[in-house]
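Note sheet for the following structure.
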Amino acid sequence: MRFRKFGCLLCILGFLTILPPVEQAQIWSRLAALTQSYRLPTAIIRDVIAAVERNDPPELASFAAQMDRPASLNWLIAAWHQVHHPPTIALGPYRAPDWPMLGMQIAIPLRLSCHHHAVRLDVIVAFTTLGWQIREIRPPA
2 MRFRKFGCLL CILGFLTILP PVEQAQIWSR LAALTQSYRL PTAIIRDVIA AVERNDPPEL
62 ASFAAQMDRP ASLNWLIAAW HQVHHPPTIA LGPYRAPDWP MLGMQIAIPL RLSCHHHAVR
122 LDVIVAFTTL GWQIREIRPP A
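Note that the working numbering has the sequence shown beginning at 2, numbered continuously upward.
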């Protein structure tokens, strides 16, 4: 079975080498974008912030449906409205695990600030089969 998977991988890599360099770059960038939610715990946070910035109710509802405490999304929306635009967004510091396991959770500090106001929240992300997902947003403990 391992040899079959290895053979399939070699076929795919062989196919990629015969493509023109422009198409290879597009394929690799798409693969990197698809795997970003598994590699970076902050990718989902940036997606939620972008949805709040666009004020996109269907997208916010889909994020809230994946959260353990969907009402905690209101903390982020309220913080977004408190700061003047464009705010400075800072994530971290945090330590991402080298090999995340299913169910693993990380608290990532989020700071939204402008020249008049600053808001700090803790975003709890968990590693799931869908990659890193937001579980809860709360004021710092």
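We put the CB at the ideal spot given by N, CA and C, even for glycine.
- DSSP places Arg47 in the helix class (H, G or I) of the three-state scheme.
- Glu137 has Ile125 as its beta-bridge partners, per DSSP.
- Bridge partners of Ala91 according to DSSP: Arg112.
- Within the DSSP secondary-structure output, Val120 pairs in a beta bridge with Leu113.
- Of the residues Asn75, Gln134, Ala119, the one whose Cα lies closest to the Cα of Ile107 is Gln134.
- Just measuring C-alpha positions, the residue of Leu113, Gln27, Thr36 sitting nearest Leu92 is Leu113.
- Cβ atoms of Ala52 and Glu60 come within 8 Å of each other, at about 4 Å.
- Within 10 angstroms of the beta-carbon of Leu32 lie fewer than 16 other beta-carbons, which makes it exposed.
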